[in-house]
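Note sheet for the following structure.
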Amino acid sequence: FQRALELRPADVPALVGLAEVELKEGRTEAAETLLGHALQARPDCAQALLWKAYALAVLNLPQKAQHLLSLARGRGAFARDPELMACAAFVLERSGGDAEAGRLYPGAAFCGRGRGERQAEALVLARLGALYARQNDPKAGAILTRSRMLAVPAAEEP
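What follows is the structure, given as structure tokens:
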């Protein structure tokens, strides 16, 4: 991502990708800055809006996070993209919105299944199962089992 940004400093996918790395490394302020640059270049980028909402939630700025989450959810691609839906649910979880996250994860899993994206569906179901387990919901075990089954590559036909 660094090399891409050296060549094109306003490359939105590179800015968002580097911000995701910064978030994973615990450098939330750096990620928030990168996402701000991405949104200056493309204010309608739902992925940048969602990751910035996550960064703001980590920085304990829940109102700002909710505002960006609302903007991202209003984007047309949101309802058709399992990654965006799962990311929004993840932001909601981080912000204490477990109930709303629990409503988004199944939709994200369904979209992933409909697009034939086994790994995406498996990852989303793992998050949903963990959320249910924290809530002592009896569905947690079945969802986690399904997630593990999907995570195993499908056998190829002879």
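Using the numbering used here, you'd call the opening residue of the sequence shown number 18 and step up by one each time. Every residue, glycine too, gets a C-beta built ideally from N, C-alpha and C.
Proximity to residue i [Cα-Cα], best of the options
i: L66; options: G131, M102 and P123; result: M102
i: N153; options: L167, L121, A125 and D115; result: D115
i: F127; options: R165, P99 and K81; result: P99
i: Y71; options: D61, P60, L86 and A58; result: L86
i: G146; options: R97, A106 and G133; result: A106
i: L51; options: D61, A63 and W68; result: W68
i: R144; options: A58, Q80, S164 and P155; result: S164
i: R135; options: T162, M166, V38 and L161; result: M166
C-beta atoms of residue i and residue j nearer than 7 angstroms
i: G119; j: L78; result: no
i: Y122; j: V141; result: yes
i: A139; j: A168; result: yes
i: V75; j: A55; result: no
i: A27; j: A36; result: no
i: A137; j: G129; result: yes
i: L88; j: K81; result: no
i: Q64; j: V33; result: yes
CA-to-CA distance, residue j to residue i, given in whole angstroms
i: T45; j: R111; result: 14 angstroms
i: E117; j: P170; result: 30 angstroms
i: G53; j: A94; result: 20 angstroms
i: L22; j: G158; result: In this prediction, L22 scores a pLDDT of 48, lower than 50, which makes its location untrustworthy; no coordinate-derived value is stated.
i: R151; j: G113; result: 13 angstroms
i: R97; j: G91; result: 12 angstroms
i: A31; j: E42; result: 16 angstroms
i: F18; j: C104; result: Confidence at F18 is low in this model, with a pLDDT of 49, below 50, so its placement is unreliable and the value that follows should be read with caution. Taking the straight line from one Cα to the other gives about 20 angstroms.
i: R59; j: G133; result: 29 angstroms
Three-state secondary structure assigned by DSSP to residue i
i: E37; result: helix
i: S112; result: coil
i: P170; result: coil
i: A137; result: helix
i: Q152; result: coil
i: R120; result: helix
i: L76; result: coil
i: E49; result: helix
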